[in-house]
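Just so you know, we're using our numbering here: the sequence shown kicks off at 63 and counts up by one.
No residue lacks a Cβ here, since even glycine has one placed at the ideal position from N, Cα and C.
Below: one structure, written as structure tokens.
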Amino acid sequence: MYIRWAQRLRPQLARHVRRTSTHSSSIAMLGSDVPWETAALKEPKRCAGRTATRHRALAAHLPTEPEEPRGEPSFYSEDVDRFACIDQQPVTLQRLLETCQPPLTRQRLLENAQFLCHERPVRYARRVQLLAGLPYIVNLNPHINAVYQAYYANFEEARRFPMVESLADERRFVHMLARQSQSLKHIMPQIARGFFECRRYFGPEPRRRFLDQLVKMRIGLRLLTSQHIALYDQFQAANAAVTAVAAAEDADRYQGIVDNHLRLAEMVRVCAQGVQATCEMTYGDAPDFSIDGQLDVAFCYIPSHLDYMLTELLKNAFRASLARAEAAASSSSNSSSVPPVAITVSKSDSRVAIRIRDCGGGIPSHIHDRVFDYAFTTSEHHDSPDGSAPTPADPSAISGLGFGLPMTKIYAEYFGGSLNLISLEGYGCDAFLELPSIKLNRTPEIQI
Numbered sequence: 063m064y065i066r067w068a069q070r071l072r073p074q075l076a077r078h079v080r081r082t083s084t085h086s087s088s089i090a091m092l093g094s095d096v097p098w099e100t101a102a103l104k105e106p107k108r109c110a111g112r113t114a115t116r117h118r119a120l121a122a123h124l125p126t127e128p129e130e131p132r133g134e135p136s137f138y139s140e141d142v143d144r145f146a147c148i149d150q151q152p153v154t155l156q157r158l159l160e161t162c163q164p165p166l167t168r169q170r171l172l173e174n175a176q177f178l179c180h181e182r183p184v185r186y187a188r189r190v191q192l193l194a195g196l197p198y199i200v201n202l203n204p205h206i207n208a209v210y211q212a213y214y215a216n217f218e219e220a221r222r223f224p225m226v227e228s229l230a231d232e233r234r235f236v237h238m239l240a241r242q243s244q245s246l247k248h249i250m251p252q253i254a255r256g257f258f259e260c261r262r263y264f265g266p267e268p269r270r271r272f273l274d275q276l277v278k279m280r281i282g283l284r285l286l287t288s289q290h291i292a293l294y295d296q297f298q299a300a301n302a303a304v305t306a307v308a309a310a311e312d313a314d315r316y317q318g319i320v321d322n323h324l325r326l327a328e329m330v331r332v333c334a335q336g337v338q339a340t341c342e343m344t345y346g347d348a349p350d351f352s353i354d355g356q357l358d359v360a361f362c363y364i365p366s367h368l369d370y371m372l373t374e375l376l377k378n379a380f381r382a383s384l385a386r387a388e389a390a391a392s393s394s395s396n397s398s399s400v401p402p403v404a405i406t407v408s409k410s411d412s413r414v415a416i417r418i419r420d421c422g423g424g425i426p427s428h429i430h431d432r433v434f435d436y437a438f439t440t441s442e443h444h445d446s447p448d449g450s451a452p453t454p455a456d457p458s459a460i461s462g463l464g465f466g467l468p469m470t471k472i473y474a475e476y477f478g479g480s481l482n483l484i485s486l487e488g489y490g491c492d493a494f495l496e497l498p499s500i501k502l503n504r505t506p507e508i509q510i
């Protein structure tokens with residue numbers, strides 16, 4: 063009986079499978095004033111509530127039919143399933159650093175490109191599969207659906223790209239890597255907006271597990287991709303006579319995207335100045351900051367990772383300081399000055415530590431355990447009546463959608479570091495960021 067019912071349902075199921083990826087475009091056609099959940103409910107009721115797992119289980123019992131020409135990507139792909147079943151090649155941080163040890167030869171560059179040709183489709187397939195496994199209503203969200211389609215498009219291009227056999231192939235490969243990296247530059251703000259809108263449909267614990275896995279996947283693939291692009295640029299510079307001297311100096315300091323002599327206090331100063339300027343543009347005021355401790359500290363790390371972590375922590379400290387000053391000013395007739403943010407840097411034999419101290423009133427005790435939860439934010443959004451947050455495309459927004467701290471913690475722990483917050487409610491908060499120096503001879507077998 064079940065089989066006869068399933069066979070009768072086959073045409074409807076096939077139409078739904080091919081139409082799934084077009085929901086976001088049809089939703090957009092309904093107008094920006096219509097909530098995405100309402101638009102999703104305008105789909106036929108026979109499709110409501112079905113998850114990817116149920117569709118696959120049903121399809122397994124049905125006879126096969128000739129495949130129709132592909133349009134937009136579906137949530138169900140045999141190619142994705144096939145590549146996702148391939149074992150991911152283990153890559154350690156030590157192996158990554160060994161790849162860029164000077165001298166960088168043509169053979170080593172091509173071997174690394176060939177490894178990425180094999181590895182990138184597998185990693186993209188697992189990410190696409192992870193997104194396809196989300197609850198049906200979450201996948202209908204236009205932001206989540208756009209992320210899925212972006213990853214699927216990159217997967218298709220990566221799996222179809224021919225094996226790199228020459229420097230001409232390598233040049234085209236690097237251009238493809240750079241283009242794909244740029245296309246995914248704003249993926250996390252889209253994910254943040256989508257999950258903020260879907261928070262009522264996805265519980266905190268499954269949301270945390272999903273996003274932890276997605277962020278770690280993203281860090282690993284971006285690290286491999288950025289490292290290869292940097293290696294290619296260094297190889298080109300080393301073979302250009304005009305820049306041979308500068309290339310030799312860079313080779314001593316940089317190994318791909320790894321800076322062997324990253325000046326910690328200078329990086330802190332640049333990040334603090336950037337956050338301070340954003341505060342002034344957004345709120346019309348900003349706290350001062352000071353940097354003390356061991357100001358001559360240099361260590362081996364990835365500058366882009368440190369920049370992200372410092373910026374997120376400083377944004378929280380600066381915003382809390384401003385909010386504290388505004389609260390004090392509103393309760394008295396006299397204007398209140400914004401308390402400064404104090405930053406201290408130090409170094410031990412193999413680790414560096416950064417303390418960011420603000421006088422922004424601290425974290426209330428009833429929410430202290432939730433500050434590392436995704437989509438949890440203490441910022442007050444003055445926005446649309448539906449309760450949605452500011453658009454992630456807004457470059458001046460200093461408060462986000464509750465993704466800054468949990469992602470900073472993952473970045474810190476990715477190479478064996480840590481992030482801890484100590485709050486004095488009613489006074490302020492200290493953020494302690496500890497990071498290892500990822501020297502080649504001290505690097506543990508950290509999987510990327």
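{"Item": "So the alpha helix (DSSP H) R234 belongs to, where does it begin and stop?", "Value": "229–245"}
{"Item": "Grouping DSSP H, G and I as helix and E and B as strand, with all else coil, what is Y370?", "Value": "helix"}
{"Item": "Can you tell me which of the three DSSP states V184 falls into?", "Value": "helix"}
{"Item": "Where does I500 sit, in a helix, a strand or coil, going by DSSP?", "Value": "coil"}
{"Item": "I need the DSSP call for S485, collapsed to helix, strand or coil.", "Value": "strand"}
{"Item": "How many Å lie between G62 and D314 at the Cα?", "Value": "Nothing can be reported for residue 62: it is not among the residues displayed for the chain, which extend from 63 to 510."}
{"Item": "Counting only runs that start and end within the region 317–375, where is the beta strand (DSSP E) found for 3 or more residues in a row?", "Value": "320–325, 351–355, 360–363"}
{"Item": "Where does Q509 fall in DSSP's three states?", "Value": "strand"}
{"Item": "Can you give the beta carbon distance from I281 to Y476, rounded, assuming they're within the 8 Å contact cut?", "Value": "6 Å"}
{"Item": "So who's on the other strand from Y479, going by DSSP bridges?", "Value": "It is Gly, not Tyr, that sits at residue 479 in the sequence shown. BP columns for G479 are empty, so no partner."}
{"Item": "Do L246 and I510 have their CB atoms nearer than 7 Å?", "Value": "no"}
{"Item": "Is G513 near L293, with beta carbons less than 7 Å apart?", "Value": "Nothing about residue 513 can be reported from this structure: the residues present for the chain run from 63 to 510 only."}
{"Item": "If you compare alpha carbons, which of G355, G464, R185 is closest to R269?", "Value": "G464"}
{"Item": "Mind checking which residues open and close the alpha helix (DSSP H) that includes A437?", "Value": "A437 -> no alpha helix (DSSP H), and no H or E assigned at all."}
{"Item": "Considering only their Cβ atoms, is the gap separating V226 from C179 smaller than 7 Å?", "Value": "yes"}
{"Item": "Using the C-alpha atoms, what's the distance from A382 back to L158?", "Value": "39 Å"}
{"Item": "Helix, strand or coil, according to DSSP, for G490 in the structure here?", "Value": "strand"}
{"Item": "Y64 by DSSP, collapsed to three states: which one?", "Value": "Any reading at Y64 is ruled out, since the residue's pLDDT is 35, under 50, leaving its predicted position unreliable."}
{"Item": "Tell whether a beta-carbon distance below 7 Å holds between R407 and I416.", "Value": "A small correction: the amino acid at residue 407 is Val; Arg does not occupy that position in the sequence shown. A contact, by the Cβ cut-off of 7 Å."}
{"Item": "Can you name the residues that DSSP bridges to K377?", "Value": "Looking at the DSSP assignment, K377 forms no beta bridge with any residue, so it has no partner."}
{"Item": "Going by alpha carbons, who is nearest to L326 out of S228, P498, E140, E218?", "Value": "P498"}
{"Item": "Could you check where the beta strand (DSSP E) with D420 kicks off and where it finishes?", "Value": "413–420"}
{"Item": "Given a threshold of 16 other Cβ atoms within 10 Å of its Cβ, counted over all protein chains shown, does L376 qualify as buried or as exposed?", "Value": "buried"}
{"Item": "Tell whether a beta-carbon distance below 7 Å holds between A220 and R261.", "Value": "no"}
{"Item": "Cβ of V320 within 7 Å of Cβ of V359?", "Value": "no"}
{"Item": "Can you name the start and end residues of the beta strand (DSSP E) that T406 belongs to?", "Value": "403–409"}
{"Item": "Determine the DSSP secondary structure at T82, reduced to helix, strand or coil.", "Value": "Low confidence applies here, because T82 scores a pLDDT of 43, under 50, leaving its location unreliable and the question unanswered by this model."}
{"Item": "Give the DSSP-derived three-state secondary structure of T167 in the structure shown.", "Value": "coil"}
{"Item": "DSSP has L286 in a bridge; who is on the other side?", "Value": "DSSP lists no partner for L286."}
{"Item": "Would the beta-carbon of H367 fall within 7 Å of that of Y473?", "Value": "yes"}
{"Item": "Is the number of C-beta pairs between the region 192–201 and the region 345–358 that are closer than 8 Å three or more?", "Value": "no"}
{"Item": "Assuming Q335 and A348 are in contact, meaning their beta carbons sit under 8 Å apart, how far apart are those beta carbons, in whole angstroms?", "Value": "Not confirmed; about 10 Å, so no contact."}
{"Item": "In whole angstroms, what separates the C-alpha of R271 from that of Q289?", "Value": "27 Å"}
{"Item": "I'd like the list of long-range same chain contacts for P402, defined as Cβ closer than 7 Å, with 5 residues on each side in sequence excluded.", "Value": "P349, D350, F351, S352"}
{"Item": "Taking all protein chains shown into account, decide if V433 is buried (16 or more other Cβ within 10 angstroms of its Cβ) or exposed.", "Value": "buried"}
{"Item": "Output the boundary residues of the alpha helix (DSSP H) element that contains D143.", "Value": "140–146"}
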